[in-house]
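S.K.: The structure that follows is given in the form of structure tokens.
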Amino acid sequence: MTRDPETLTTEKTIHTTTSGVVEHMVVQRYMHKPYLIDGFKFDLRLYVLVNGISPLRVYVYKDGLARFATVKYQSPAPSNLKNLCMHLTNYAINKSSSDFVQNED
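Residue numbers (this note's numbering): 82 to 186.
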């Protein structure tokens, strides 16, 4: 299967161990026109249990998770591609931003 390389992003982590180099890679499609809330990228995490297929039985947990970028979104350009807090919603990245706001719940 081949994909247009401009529609994919790659995140690569390389670890060196005593037995050699271990490489982990995540490849996903980058949404060039993402949905925004007040100008910020976001993602929603819902917890779902599929308990049966025939008949279909699905349970959705009442609580979910919304994660936001901490910098207002601008279309990707060479000047902002390295601004991870604009393009990614990962907690591990955005928690170090000076604009990060901790949830009080």
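Beta carbons are placed, not taken as given, at the ideal position from N, Cα and C, and that holds for glycine.
Computed from a prediction, not measured in an experiment: that's the story for all the values here.
Does Tyr116 come out as helix, strand or coil in the three-state DSSP assignment?
M.R.: It is coil, neither helix nor strand.
S.K.: Do the stretch 173-186 and the stretch 139-153 touch if we need at least three Cβ pairs shorter than 8 Å?
M.R.: Judged by Cβ distances under 8 Å, the stretch 173-186 makes contact with the stretch 139-153, as three or more pairs qualify.
S.K.: Mind checking who Phe121 pairs with in its DSSP beta bridge?
M.R.: Ile118, per the DSSP bridge assignment.
S.K.: I need the DSSP call for Asn132, collapsed to helix, strand or coil.
M.R.: It is a strand residue.
S.K.: Count the other C-beta atoms from every protein chain shown that fall within 10 angstroms of the C-beta of Lys143, then say buried if there are 16 or more, exposed otherwise.
M.R.: Lys143 is exposed by the Cβ-count criterion.
S.K.: What did DSSP end up calling Leu169 once you bin it into helix, strand or coil?
M.R.: The answer is coil: DSSP assigns Leu169 none of H, G, I, E or B.
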